[in-house]
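Notes for the one structure printed next.
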Amino acid sequence: MLDANKFDRIRISLASPDQIRAWSSGEVKKPETINYRTLKPEREGLFCERIFGPTKDWECHCGKYKRIRYKGIVCDRCGVEVTRAKVRRERMGHIELAAPVSHIWYFKGIPSRMGLMLDMSPRALEKVLYFAAYVVIDPGDTPLVAKQILSEAEYREYRDKYGASFQAGMGAEAIKVLLEQIDLDELSAELRQELKDVSGQRKIRAIRRLEVVEAFRKSGNRPEWMILDVIPVIPPELRPMVQLDGGRFATSDLNDLYRRVINRNNRLKRLLELQAPDIIVRNEKRMLQEAVDALIDNGRRGRPVTGPGNRPLKSLSDLLKGKQGRFRQNLLGKRVDYSGRSVIVVGPKLKMHQCGLPKEMALELFKPFVMKKLVEHGLANNIKSAKRMVERVREEVWDVLEEVIEEHPVMLNRAPTLHRLGIQAFEPVLVEGRAIQIHPLVCSAYNADFDGDQMAVHVPLSAEAQAEARILMLSSYNILSPANGRPLAVPTQDMVIGAYYLTSVKEDAIGAGRYFISPEEALMAYNAGELSLQAPIKIRLEGKLVETTLGRVIFYHDLPEGLHYHLNEVVDKKTLGKLVSECYHRYGIENAVRMLDKVKALGFHFATVAGVTISVDDTNVPTKKEEILQKADRVVEEIESQYRNGLVTADERYQQVIKIWNEATDKVTASLVENLDKFNPVFMMASSGARGNIQQLRQLAGMRGLMADPSGRIIDLPIRSNFREGLTVLEYFISTHGARKGLADTALRTADSGYLTRRLVDVAQDVIIREEDCGTNEGLYVTAMRDGNEELQSLFERIVGRVAAEDVIHPETGEILVPANEEITENIAEAIAKSGIEGVRVRTVLHCQSKTGVCAKCYGRSLATGRLVDVGEAVGIVAAQSIGEPGTQLTMRTFHTGGVAGDDITQGLPRVEELFEARKPKGAAVSTDMDGVVHITENRGRTEIQVVDPETAEAHSFPVPHGALLHVKENDRVAAGDPLTEGSINPHELLRIKGIESVQAYLVQEVQRVYR
27 MLDANKFDRI RISLASPDQI RAWSSGEVKK PETINYRTLK PEREGLFCER
77 IFGPTKDWEC HCGKYKRIRY KGIVCDRCGV EVTRAKVRRE RMGHIELAAP
127 VSHIWYFKGI PSRMGLMLDM SPRALEKVLY FAAYVVIDPG DTPLVAKQIL
177 SEAEYREYRD KYGASFQAGM GAEAIKVLLE QIDLDELSAE LRQELKDVSG
227 QRKIRAIRRL EVVEAFRKSG NRPEWMILDV IPVIPPELRP MVQLDGGRFA
277 TSDLNDLYRR VINRNNRLKR LLELQAPDII VRNEKRMLQE AVDALIDNGR
327 RGRPVTGPGN RPLKSLSDLL KGKQGRFRQN LLGKRVDYSG RSVIVVGPKL
377 KMHQCGLPKE MALELFKPFV MKKLVEHGLA NNIKSAKRMV ERVREEVWDV
427 LEEVIEEHPV MLNRAPTLHR LGIQAFEPVL VEGRAIQIHP LVCSAYNADF
477 DGDQMAVHVP LSAEAQAEAR ILMLSSYNIL SPANGRPLAV PTQDMVIGAY
527 YLTSVKEDAI GAGRYFISPE EALMAYNAGE LSLQAPIKIR LEGKLVETTL
577 GRVIFYHDLP EGLHYHLNEV VDKKTLGKLV SECYHRYGIE NAVRMLDKVK
627 ALGFHFATVA GVTISVDDTN VPTKKEEILQ KADRVVEEIE SQYRNGLVTA
677 DERYQQVIKI WNEATDKVTA SLVENLDKFN PVFMMASSGA RGNIQQLRQL
727 AGMRGLMADP SGRIIDLPIR SNFREGLTVL EYFISTHGAR KGLADTALRT
777 ADSGYLTRRL VDVAQDVIIR EEDCGTNEGL YVTAMRDGNE ELQSLFERIV
827 GRVAAEDVIH PETGEILVPA NEEITENIAE AIAKSGIEGV RVRTVLHCQS
877 KTGVCAKCYG RSLATGRLVD VGEAVGIVAA QSIGEPGTQL TMRTFHTGGV
927 AGDDITQGLP RVEELFEARK PKGAAVSTDM DGVVHITENR GRTEIQVVDP
977 ETAEAHSFPV PHGALLHVKE NDRVAAGDPL TEGSINPHEL LRIKGIESVQ
1027 AYLVQEVQRV YR
């Protein structure tokens, strides 16, 4: 056998019949597997020991030779070679077919390779292969043409007419003869000539055929090998048969599929020997063809062959393909040693870089390290006794374990790993119990919650792996998102409500208006019950008298010095995010992590002190609600009567009714918020950003408002009730639409988003930072990104962190704001934005001159660190994950523009896919290919747009598709590439009109728009 480790590459190619026979150790002639009495393999059957080797090491079938000393001897009685049983994993057999059959991959694949070689349509080919029609092999001196398809009746007619002067056949035999007649060199020359002479569809067909012909020529394979005369049988240990407890057998599906082939093959042989009528033989040949198809790729043609319980049998192709196939499941996704998994719970007392590891799990994971230390400390004499100590869990083992795990990071992973922060390293802390504890602030990176989520632990073994985990993967170094540079480790939920409660102001609280000489004095008053945390007080801080609250003093006391200027504001989720980001950029990662841990402790403590709860009485229905609804009813009734009298159209009525109810819902919400106390627990949760939002509050105590039906169309009958009052039966029914649609959408979205990430990674994985600077002086001119008048992204946002391609000079003072090849920092970007400069030429990966990958200067700043990217960073994969990871949150549905426009505008995930695949979008806009002035003409109900160049009077006219909305008005000025109608621009058109850079800018802008 081949040495599994010594090879440079693998080439998959067609096997010739001789090659298949050469691989084989013998022919399988019988469909039997094992004898039901002796449980030994049947001779010449699918598990035959003579062909595939002995079932027991060094023992032949009949038992004449046993033991290793007879190694290599072939038993004269049973013909089995005395050798190791593992040869049954590598020895193959073969089946000699009584009639040739086609290989379904080459006939049915897209494009059909067999069809291209013979220049026949797949449909015609199918008729011939499955004995529904004849094909002319040699027309002789008749008016027939080679490869002409004849039905049964036509064939008989021509036979009667011309006798034996032409040759025709059916089934794989006929196709094999045609394939054998092909001279590849001659065909290649013919096709090359044809390419020069023809155009259009025929040219495309010729190119496709030439590709296949050249592939055959280069590889040295013959076309007739696509037809099988002999079928390989894979080794029996790879399709095992095992006895279950009840005496029944469980077997691999392949054995059933091979059995069908052998049965039909043997029956065909017998029919041929008996010289059975042609029609019976033909039927048997067709059945053999179908049996081989099912073996190679079950379900590819027609209905799949099913086993018990109507389950399709797994064929050879199914073993290889897809997520559960050999490649993705076993070769790319192996299971690893030194790993474990358990349920996660929160560890509120942990530091940012720690995780709680259950004791018994840690002992098993670190077993080899513990054993080594036990021997080193002289607690065990040798490794064997050390192993015994660990297995019996002696007292001494725990102290050694503590010593071993110190400074030894472990990696925690939560599936699905959507971006690189799905695996992070932590220092383990031993905990009682059997659950892994994780720090509350890393939950958002993992997208974890504690409703039964599980996580896997992996131990880095070598010193290099440990160093890498500690320096690159430690959770406290990964608090910024690599996708957008914003902090991911931002306090949420309990911590937010604690901080919000702590920094709120309550004018009438105990001790309001008092003066204190120091924070300590205020704390004493608080502990004595004389002062509330929210009471506005005047307090002496750093020599100045400041009006604030004790809560705010406590909160800001723990922040780094320079962040104290925030001193007097309520802290909600947004403020916390800003604080973390600012602390990271100004004071470095250590201070940011320290601050996060302090805020976490404060938040949890004061959330407990606040005792925030929810009861039914926290949601009071606004008194004005009834009045608002009655008013809306009156207006709607008015519109209805106008509609009944024919004054407004159905569509206008619908739009107006929806507008009225939306306004009514907003008014109810506004009056609800007015009535709420600022310290109402539900309101506190929503306004602090801890949980929920005003929309949910509206549904609890206001009114649910308008709902959409399954197609996404808004139902113009609102839900007037809220959850506090309870819904009527009809309202409840209308509500269920949205809930069901939401669940169905989510399930689809997750799968689509994962597949998109997979394709993006596939194309981007080679883009790695290979060098500091490629030395190019090209760049891209970047301006603020706009959509009409709306600014999608400011110039500041677009240039910060990029490297300038040329000196940027202040337009008034002439001073150099940033020299070429220097990074544009926040301060410089601000100066550029203030100076009134419209745009800046920056280095870009699109113009990078690196031989492979890209260079650091062209890439710019790594958002995960806020510094220039390091050499060796896999930026391609980071980019792919950054697009794929938020993909799940994007909406699936295509958006209906109120049923007005002819076509839907694709949005969300399908739009992103459409852009990356560079497809022609559905309902694409008509674009102009020249600059000029617009003139709109109507001609027989068809609208036409003319673009006229005022200088040269050259005019181009563009027909507008039926039902499309115009994007331009009469006498508008347009530039080449601008859309004339509503809809997405076709990137292929844009490339033709405006060139590569415009398409690049358009694609980036469109993808950005979906995610914003």
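According to the numbering used here, the sequence shown is numbered sequentially starting from 27.
Glycine included, C-beta positions come from ideal geometry on N, C-alpha and C.
Fair warning: this is a prediction, and the values are worked out from it, not measured in the lab.
| query | result |
| --- | --- |
| Using only CA atoms, which one of MET550, PRO586, LEU391, ILE305 lies nearest to SER368? | LEU391 |
| Which same chain residues end up closer than 7 Å to VAL926 when comparing Cβ atoms and leaving out the 5 residues on each side of it in sequence? | In this prediction, VAL926 scores a pLDDT of 34, lower than 50, which makes its location untrustworthy; the coordinate-derived value is nonetheless stated afterwards. Hits under 7 Å: none found. |
| Take every Cβ of the region 420–430, pair it with every Cβ of the region 331–351, and state whether three or more of those distances are shorter than 8 Å. | no |
| Considering only the beta carbon of each residue, do PRO258 and HIS87 sit closer than 7 Å? | no |
| With ALA906 and ALA790 assumed to form a contact (beta carbons below 8 Å), what rounded beta-carbon distance in angstroms separates them? | 5 Å |
| Ends of the alpha helix (DSSP H) at MET437? | It is not in any alpha helix (DSSP H) - MET437 instead sits in the beta strand (DSSP E) that spans 436–439. |
| Ends of the beta strand (DSSP E) at ALA981? | 981–985 |
| Relative to the alpha-carbon of GLY71, which residue among PRO57, TYR62, TRP84, LEU65 has its alpha-carbon at the smallest distance? | PRO57 |
| Would ARG76 and GLU263 qualify as a contact pair, given that the criterion is a beta-carbon distance under 7 Å? | no |
| In whole angstroms, give me the CA-to-CA distance for HIS873 and ALA857. | 26 Å |
| Measure the alpha-carbon distance for ALA111 versus LYS82 and round it to whole angstroms. | 5 Å |
| Using C-beta distances below 8 Å, list every residue in its chain close to TRP251, excluding the 5 sequence neighbours before and after it, in chain order. | LEU40, ALA41, SER42, PRO43 |
| Could you have a look at VAL426 and say whether DSSP puts it in helix, strand or coil? | helix |
| Out of ALA232, ILE208, ARG228, GLN227, point me to the one whose CA is closest to PHE242's CA. | ILE208 |
| Taking the alpha helix (DSSP H) that LEU142 belongs to, which residues open and close that run? | 139–144 |
| Whether or not the region 226–243 and the region 92–104 are in contact is what I'm after, with contact meaning three or more pairs of Cβ atoms, one per stretch, closer than 8 Å; do they touch? | no |
| Could you check the C-alpha separation between LYS1020 and ASN853 for me, to the nearest Å? | 35 Å |
| By the three-class DSSP mapping on this structure, what secondary structure does PHE921 have? | Note that PHE921 scores a pLDDT of 41, beneath 50, so its modelled location is shaky and nothing firm can be said. |
| Based on DSSP bridge pairs, tell me the residues matched to ARG869. | Answer by DSSP bridge pairing: none, since ARG869 is not bridged. |
| Would TYR716 and VAL522 qualify as a contact pair, given that the criterion is a beta-carbon distance under 7 Å? | Note that residue 716 corresponds to Ala in the displayed sequence, not to Tyr. Yes; because the gap between Cβ atoms is below 7 Å, this pair is in contact. |
| May I have the straight-line CA-CA distance separating LEU438 from ASP479, to the nearest angstrom? | 13 Å |
| Quick one: give me the first and last residue of the alpha helix (DSSP H) that ARG766 is part of. | 755–790 |
| Could one say the Cβ of ALA727 lies closer than 7 Å to chain C's Cβ atoms, at least one of them? | Judged by its chain identifiers, the structure shown contains no chain C, having just a single protein chain. |
| Going by alpha carbons, who is nearest to PHE192 out of GLY555, VAL171, ALA561? | VAL171 |
| Is it right to say GLU996 is buried, meaning 16 or more other beta carbons lie within 10 angstroms of its own, or is it exposed? | exposed |
| Based on the DSSP secondary-structure assignment, which residues constitute the bridge partners of ARG367? | ALA482 |
| With DSSP run on the structure shown, which of helix, strand or coil describes ARG887? | strand |
| What does the alpha-carbon distance come out to for the pair ILE565 and VAL516? | 30 Å |
| Between which two residues does the alpha helix (DSSP H) carrying THR601 extend? | 599–636 |
| With a cut-off of 8 Å on the beta carbons, I'd call SER820 and ALA810 a contact; round off their distance for me. | 5 Å |
| By DSSP's criteria, ASN292 is part of a beta bridge. Which residues make up the other side? | Partner(s): none; ASN292 has no beta bridge. |
| Along the alpha helix (DSSP H) that carries ILE909, what are the first and last residues, could you check? | 901–910 |
| So, helix, strand or coil for PHE353, using DSSP? | helix |
| Around the Cβ of SER341, are there at least 16 other Cβ atoms within 10 angstroms (buried) or fewer (exposed)? | buried |
| Among the residues of its own chain, which have a CB less than 6 Å from the CB of LEU221, if the five just before and after it don't count? | ALA232 |
| Are the region 193–206 and the region 149–160 in contact at 8 Å, needing three or more beta carbon pairs? | yes |
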